[in-house]
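Order-wise, the sequence lines are chains A and B. Each step along the first sequence adds one to the number in my numbering, with nothing skipped, and position 270 is 270. Each step along the second sequence adds one to the number in my numbering, with nothing skipped, and position 104 is 104. Okay, so here's the structure we're looking at.
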Amino acid sequence: MANSVTFEQRKPVDFAIIGSGAAGGIIAKELSSAGFDVVVFEQGPYRKASDFTHDEYDVIIQSELLGGGPEVSGQTFRHDESEIATSPIIQPIRYAQTVGGSSVHFSANFWRFRESDFIERSKLGPISGSNFADWPMTYDEIEPYYARVEWEVGVSGAPGPFDSFRSRPFPMPPLPVKSSGVLMEKAAKKLGLHAQNQPHAILSQPFNGRNACIHCGHCMMFGCEAGAKSSSLAAMIPLAEATGRCEIRDRSAVFRIETDANGRASEVLYYDKDGSEQAQMAKAVIVSANGAETTRLLLLSASEQHPDGLANSSGYVGRNLMFNAHSAVDGVFEHPLNDYKSVQVSRVIHDFYETDESRGFYGGGGIDARPLWSMTPIFHALEGMPHDVPKWGAAWKDEIAHNFTRQMSFASGTTSLAMDRNNITLDPNNTDQWGRPAIRATYRDHDDDLAIAKFLEDRSLELMDAAGAKKFWGHGIKLSNGGEHLLGTARMGDDPAASVVDRYHRSHDVSNLFICDGSSFVTSGRGQPTMTIMALAFRAAEHIAAAANANEI
Amino acid sequence: MNNPDEISRRRFLKATGAFGGASLFRIGAPSLAAVTQAACTARDEEAAFNTLGAEEAADFAAIAARIIPATDTPGAAEAGVIWFWDNALGSEFSSLLPGVRSLREQLSANLGRPFADLPEAEQDAALRSIESDPRFELWRLLTIFGFFGMAKHGGNKDHMSWDLIGYKGHHGAWTPPFGYYDAEVEQANGE
């Protein structure tokens, strides 16, 4: 891909940004627009909208956008330290390796967090076995940045009955309701609940020179060929490149941040597209590589001054991993919904968002209406079939033929508690295709996480009944065996002994090292983290630019 | 891999007609025409299996045809799923080939004759006896991928499986209403 600028490797660039996703893309755009020279490192290739396909086999089964499966990543998973971590068939830690990162392939469900999300520990008190804490900021402080995301990245929606205050309206009306949304509205009305518009990082109208959604139905796990999904790729990186101060260095896998004699970050070491070692000097480094990759890179950057990994004097790097738990209930209706068309979700219920202490456990979540498995044929055949149907043969085939267009899910995304035992570490045996030690995830959901997921599955079953499904079933609550939301592993906080970065994303240990992505999260929210990652990125960029201008980096 | 009896796709289709034929006639003329036409393209005249030998391909095609059988609609045989097996086992799923083969060998030894030669009811019984074997799951997955994946991967000829389930995945864009229930609301709102 042609870049507007190429920076010299041996001349320190103002900022090296590692990762081009939800956070990295925004920070690159903000800092380059503010007059700084930036190089963005992305280990995946530079795909454009026209490179994205509807090929379910390539994209989902062959993990095209993930850069392959465990056979190339070497990733391993275990539930706790007593188990030996092994490589499952499916990549346990799932994120896109492509310019724009996971903002390219996410479903683009796009809630703001609420006021309560930032101060839950103060409201609810401690929770045993967890590192439950308040954020070092309030909703008031992040609200202007939520508004910036909505207006600069492009968000469609309408306010819901439980939303926290907003300083500006949504810039675009919501996307049209789907049959699944209509059925959720009907069910919610019966049960006294509120089915509200699902906000999306997807354009319902042309916006900033970009096209509106064409309702092709390939949002979740796919890239958007219309450029209507407000990924970093579609919304931010073109603006960054247009400044002439931002170089996107794709197919460049960073394996170490080098520090100088003063312990400051000085150089980014990476493998280029041919696998050769390269180095880029930088005045400051920003790590926005996602909660798993960020952890790995910091651990790999250990040195004499930073023996346990860069920015890890607290020992918190990699800890407190939060995936968000889930539940799913499927229902089959009399008439075709054709829910494979358009975006995943058009309606969501937030009545169970807040922790209700009378339930006896921490947590909350949203329940949304979506095709889920019924979005594409292979996915439906593998995951969407009722449990009482044989797994092959004529009866199985008849069931698919009848159900595919008539099926939908009520899916919940829930809280996860931060715990020491859930973490990202370096696998002692495996390496990835570049030779870096593989990512090892250790994760066992907190009992409260499983309890709220079960609670929401039960509510979803009631909703499915109320919606008039002819047949419905829950998938049951199982221990997480991997995740897409990679949160909490370099948490922000005021106490350097119990956090990795300060409230403005500067690492406590290294003054010219910043970390901003899902790893910054203190709590997990309710299952839609990307809006908050993007808001944090706008906020971080503002403070980083101000510090640089004041010579305080 | 180095089977000296590699056969052309056309010859293979003829051979498999023995178990596909009866079902195909139940489908009716249009689908049958589509299959016949597909079988007669120049590509199919020329091409041979790249990965599978003739005998094992015949067995695997018969296995796929019981996993997704032709009923009053086409199944794995009509959609050409065996071509997907052949492509995938020669490339992205080559590591699965030993497992895919060893279960067939085991089954053949138990049966004492080729799976493809059995009547359908006996084929189903034979598959039920091994359906908890993880290697059977490989067979099932290959069949699902080939049947429901894009036609370019070898199976799903003429989007047969998509027509079966009502998925119009080859269309690029939609406008509301998308389904019965949102259309109902639009109508009620006088839109």
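Beta carbons are placed, not taken as given, at the ideal position from N, Cα and C, and that holds for glycine.
Closest residue to residue i among the options (Cα-Cα distance)
i	options	result
D72(B)	G474(A), P428(A), A395(A), S519(A)	A395(A)
E399(A)	G24(A), S288(A), H387(A)	H387(A)
Q196(A)	L124(A), R347(A), I214(A)	R347(A)
S167(A)	S179(A), V149(A), V153(A)	V149(A)
I127(A)	P171(A), H326(A), M419(A)	M419(A)
A545(A)	D37(A), G125(A), I18(A)	D37(A)
I452(A)	V287(A), S358(A), S313(A), Y270(A)	S358(A)
P561(A)	G157(A), S130(A), S164(A), S156(A)	The requested residue 561(A) is not part of the displayed model; chain A covers only 1 to 553.
G125(B)	E137(B), L141(B), R135(B), L107(B)	Looking at the sequence itself, residue 125(B) is Ala, so the reference to Gly does not match. Looking at the Cα atoms, L107(B) is the closest of the given residues.
S416(A)	S480(A), W373(A), L461(A)	S480(A)
H402(A)	P92(A), C224(A), V332(A)	V332(A)
Q280(A)	L269(A), A289(A), P199(A)	L269(A)
G166(B)	L450(A), D339(A), K283(A)	D339(A)
Q344(A)	D368(A), G435(A), P206(A), K29(A)	D368(A)
G24(A)	M531(A), D517(A), G527(A)	D517(A)
H446(A)	P173(A), K391(A), A325(A)	A325(A)
P169(A)	G154(A), L183(A), F514(A)	G154(A)
L233(A)	E42(A), R503(A), A133(A)	E42(A)
Within-7 Å CB hit, residue i to chain A
i	result
R104(B)	no
W85(B)	no
P119(B)	no
V192(B)	Outside the shown range of chain B (1 to 191) lies residue 192(B), about which nothing can therefore be said.
G190(B)	no
V35(B)	Residue placement at V35(B) cannot be trusted, given a pLDDT of 34 that sits under 50; what the coordinates show is reported in the next sentence. V35(B) does not count as touching chain A.
Residue-chain proximity (residue i, chain B), Cβ-Cβ < 7 Å
i	result
I452(A)	no
H446(A)	no
K341(A)	yes
W373(A)	no
C216(A)	yes
W392(A)	yes
S107(A)	no
V13(A)	no
P173(A)	no
P307(A)	no
P88(A)	no
K397(A)	yes
A234(A)	no
A228(A)	no
I367(A)	no
First and last residue of the uninterrupted alpha helix (DSSP H) at residue i
i	result
Q187(B)	180-188
I142(A)	139-148
R128(B)	120-128
I544(A)	530-549
T295(A)	293-300
T243(A)	Careful: T243(A) lies outside any alpha helix (DSSP H) and carries neither H nor E.
L513(A)	Run containing L513(A): none in the alpha helix (DSSP H); it sits in the beta strand (DSSP E), 513-515.
S164(A)	Counting along the chain, S164(A) falls outside any alpha helix (DSSP H), and DSSP gives it neither H nor E.
Burial state of residue i, where buried means 16 or more other Cβ atoms lie within 10 Å
i	result
T243(A)	buried
N262(A)	exposed
K273(A)	exposed
L124(A)	exposed
R10(A)	exposed
Residue interval of the beta strand (DSSP E) (run including residue i)
i	result
P570(A)	This structure leaves residue 570(A) out entirely; chain A is present only between 1 and 553.
A58(B)	Element bounds for A58(B): not the beta strand (DSSP E) but the alpha helix (DSSP H), 54-67.
V317(A)	That residue, V317(A), is in no beta strand (DSSP E); it is neither H nor E in DSSP.
V40(A)	38-41
D458(A)	Element bounds for D458(A): not the beta strand (DSSP E) but the alpha helix (DSSP H), 447-467.
L18(A)	What sits at residue 18(A) in the sequence shown is Ile, not Leu. I18(A) -> beta strand (DSSP E) spans 13-18.
R256(A)	253-259
V81(B)	Not the beta strand (DSSP E): V81(B) falls in the alpha helix (DSSP H), residues 81-90.
(request) Mind checking the segment 20-33 of chain A against chain B and listing, in chain order, the residues whose C-beta falls within less than 7 Å of any C-beta there? (result) none
(request) With 7 Å as the C-beta to C-beta threshold (strictly closer), list the residues of the segment 134-166 of chain B near chain A in chain order. (result) R140, I144, F145, F148, G149, M150, H153, S161, W162, L164, I165, G166
(request) With 7 Å as the C-beta to C-beta threshold (strictly closer), list the residues of the segment 401-423 of chain A near chain B in chain order. (result) A401, F404, T405
(request) Closer than 9 Å, Cβ to Cβ, to anything on chain B: give me those residues from the segment 29-63 of chain A, in chain order. (result) Listed in sequence order: T53, H54, D55, E56, Y57, D58, I61, Q62.
(request) Taking only beta carbons into account, state which residues of the segment 118-135 of chain A come closer than 8 Å to chain B, listed in chain order. (result) none
(message) For the segment 320-340 of chain A, list every residue whose C-beta sits within 9 Å of some C-beta in chain B, in sequence order.
(response) F333, E334, H335, P336, L337, N338, D339, Y340
(request) Taking only beta carbons into account, state which residues of the segment 166-182 of chain B come closer than 9 Å to chain A, listed in chain order. (result) The residues in question are G166, Y167, K168, G169, H170, H171, G172, A173, W174, T175, P176, P177, F178, G179, Y180, Y181, D182.
(message) To be precise: take each residue of the segment 58-80 of chain B, compare its Cβ to all Cβ atoms of chain A, and keep it if any distance is under 8 Å. Which residues remain?
(response) R66, I67, I68, P69, T71, T73, G75
(request) Taking only beta carbons into account, state which residues of the segment 464-475 of chain A come closer than 8 Å to chain B, listed in chain order. (result) none
(request) Using a Cβ-Cβ cut-off of less than 9 Å, list which residues of the segment 176-207 of chain A approach chain B; keep chain order. (result) P176, V177, K178, S179, S180, G181, V182, L183, E185, K186
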